[in-house]
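Residue numbers for the sequence shown follow UniProt numbering, so the first one is 1 and each next one is one higher.
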Amino acid sequence: MVRETDIWRPDLGERVRPTGAKSYVVVYRAGAGRGAPMRRYTIAAVGKIAPERARTRAKVILGAVAHGHDPAGQKTTERGTPTVAELVDRFMVDHVRAKRKDGTAEFYRDVLDRIVKPALGTAKADKLTRVQVSKLHSSLAETPFQANRVLAVVGSMYAFAARTDIVAEGTHPARGIEKFKESRRERFLTSDELERIGGAIREAETVGIAWTVDETKPTAKHVAKEKRSTRIAPSAAAALRLLLFTGCRLREILHLRWQHVDIERGCLFLPDSKSGRKTVILNAPALSVLNNLEWIGPYVVPGDDPEMPRHDLKRPWGAITKRAGLTGVRLHDLRHTYASFGAGSGLGLPIIGRLLGHTQAVTTARYAHLDNDPLRRASESIAGQIAAALDGKRPPTVTPFRRKAARWKMHSYN
1 MVRETDIWRP DLGERVRPTG AKSYVVVYRA GAGRGAPMRR YTIAAVGKIA PERARTRAKV
61 ILGAVAHGHD PAGQKTTERG TPTVAELVDR FMVDHVRAKR KDGTAEFYRD VLDRIVKPAL
121 GTAKADKLTR VQVSKLHSSL AETPFQANRV LAVVGSMYAF AARTDIVAEG THPARGIEKF
181 KESRRERFLT SDELERIGGA IREAETVGIA WTVDETKPTA KHVAKEKRST RIAPSAAAAL
241 RLLLFTGCRL REILHLRWQH VDIERGCLFL PDSKSGRKTV ILNAPALSVL NNLEWIGPYV
301 VPGDDPEMPR HDLKRPWGAI TKRAGLTGVR LHDLRHTYAS FGAGSGLGLP IIGRLLGHTQ
361 AVTTARYAHL DNDPLRRASE SIAGQIAAAL DGKRPPTVTP FRRKAARWKM HSYN
């Protein structure tokens, strides 16, 4: 990734941004001694004014500094520091959307819009304290992984804010907050649980899942009887089945474009997954799902705007797991389920890793000689068993997918 660079001269410097844009800058210490904070004052874009004029303005600025003034600090004050909510918006546009993959950008958007903005959005960006961030972190103790990701995202946002002179260098309200311990969680669905999930999906996409309404409460009369059920979009039901039949990550399915689907060859060609370019084998159950979907836009799973992908599956998945009587089952556990059915079929870890799209050098070396034929047979075997379980049939017992031996610690099935 290309970063900003600075070219310093005794009287005038240049700042070069990743885009190639250059600006004349002056760098100085705001105060006496080596402990005084560094400041950077942007004079103008290179080419907008002559170098001689920029050098003259730099001398004026440094003269003011010599008399105890802080031009950069004064400029920031006059411009007005944005609120945390405003900083979030600028961070998303200028940094995340411009420099991160779609999946990462969507993760940042979710964390910032759903958690950070509601809790901290009204605070001034330069006034946000470690105590405030720590309080937010503590409030998420029941979901330690999510709580720690909030710290990471806030930290990244403030690093951006310091680089772009939105806040003073060194402003980092997430620094020094102790993270929660994260225990690795291996959860997979059994054949019985898959049968219940399959029934709930079929109910949700047809008649709808009936709400539980307490008729004794006054608010019950406000719920129209014909609207007391939750129906999910056909594309949402298809997405859930594709997650189970392919072992793909959530964003790989939600951001899947029809142009990357090759029905004739039976493959998905993903140009930019978490692990880079990736080919996904389409087994018979997955092909059936895709063949029955209506093509209404560029995305296989469109959002409310058919030209954009669906953001998430939280609401339909929540309704389905509740109807199935399951708690604590994440969408990512469908990927674990796929791997567990593979292990239960006697498939080796290299085959399973190849199907899941892993590209670690050591792992890849173990199955570099494999072609798509055994992969396709393995994919058909796994998806066939999962499809049978969803339909209430009895596939072989699922084997929990564990990584006990030290020799397999290099694999990461996430």
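For glycine and all other residues, C-beta sits at the position ideal for the given N, C-alpha and C.
- About 21 Å separates the beta carbon of Ala-141 from that of Phe-107, a gap too long to meet the 8 Å contact definition.
- In this structure, the alpha-carbon of Pro-316 lies about 33 Å from that of Gln-132.
- Of the candidates Val-27, Pro-37, Thr-206 and Gly-47, the residue whose Cα lies closest to the Cα of Ala-58 is Val-27.
- Annotated as proximal: Glu-205 and Arg-231, with beta-carbon spacing under 8 Å.
- Secondary structure of Lys-101 (DSSP, three-state): coil.
- Just so you know, the alpha carbons of Pro-306 and Trp-295 end up roughly 10 Å apart.
- Annotated as proximal: His-172 and Tyr-158, with beta-carbon spacing under 8 Å.
- A distance below 8 Å separates the beta carbons of Thr-122 and Thr-83.
- Its chain contains Ile-320, Arg-323 and Ala-324 as the residues whose beta carbon lies nearer than 6 Å to that of Ala-200, once the 5 sequence neighbours on both sides are disregarded; these appear in chain order.
- When the alpha-carbon of Glu-182 is set against those of Asp-192, Val-154 and Thr-143, the nearest one is in Thr-143.
- In this structure the region 266 to 282 does not touch the region 327 to 334; the number of beta carbon pairs closer than 8 Å is below three.
- Annotation: the continuous beta strand (DSSP E) that includes Val-26 extends over 22 to 29.
- Taking the C-beta atoms as reference points, Arg-130 is found no nearer than 8 Å to Gly-198.
- Uninterrupted alpha helix (DSSP H) stretches at least 4 residues long and entirely within the region 230 to 303 occur at 234 to 246, 250 to 254 and 284 to 291, given in chain order.
- The beta-carbon separation of Pro-37 and Gly-208, rounded to 60 Å, does not stay under the 8 Å limit for a contact.
- Here the alpha carbons of Trp-258 and Lys-393 stand approximately 31 Å from one another.
- Excluding the 5 residues flanking it on each side, His-95 has same chain C-beta neighbours closer than 7 Å at Phe-160, in chain order.
- DSSP places Ile-43 inside the beta strand (DSSP E), whose first and last residues are 38 to 45.
- Closest in alpha carbon position to Ser-23, among Gly-31, Ala-30 and Tyr-41, is Tyr-41.
- With a beta-carbon spacing of about 11 Å, Leu-268 and His-255 fall beyond the 8 Å limit used to define contacts.
- Distance check between Arg-100 and each of Asp-272, Ser-379 and Arg-149 places Asp-272 closest, using alpha-carbon atoms only.
- Taking a C-beta distance under 8 Å as the contact criterion, Thr-246 and Ala-286 qualify as a contact pair.
- Looking at Leu-282, Glu-252, Ile-253 and Arg-251, the one whose alpha-carbon comes closest to that of Arg-265 is Leu-282.
- Pairing Arg-15 with Gly-73, the inter-Cα distance amounts to about 18 Å.
- Excluding five sequence positions before and after Arg-241, the CB atoms of its chain that fall closer than 6 Å to its own CB belong to Val-289, given in chain order.
- Per DSSP, reduced to three states, the secondary structure at Val-96 is helical.
- Counting the other Cβ atoms within 10 Å of the Cβ of Arg-39 gives 16 or more, which makes it buried.
- Counting every other CB atom within 10 Å of its CB across the protein chains shown gives Ser-379 a total of 16 or more, marking it as buried.
- Secondary-structure assignment with DSSP links Lys-124 through a beta bridge to Thr-83.
- Bridge pairing for Pro-309: Pro-302 [DSSP].
- Ile-386 places its beta carbon less than 8 Å from that of Leu-244.
- Restricting attention to Ala-233, Pro-118 and Glu-86, the CA atom closest to the CA of Lys-314 is found in Ala-233.
- Residue nearest to Ala-119 within the set Val-154, Thr-190 and Arg-29 is Val-154 (criterion: CA-CA distance).
- For the pair Ser-340 and Phe-188, the CB atoms are nearer than the 8 Å cut-off.
- Of the candidates Leu-390, Asp-165, Arg-29 and Arg-377, the residue whose Cα lies closest to the Cα of Asp-126 is Asp-165.
- Only buried fits Pro-302, as 16 or more other CB atoms lie within 10 angstroms of its CB.
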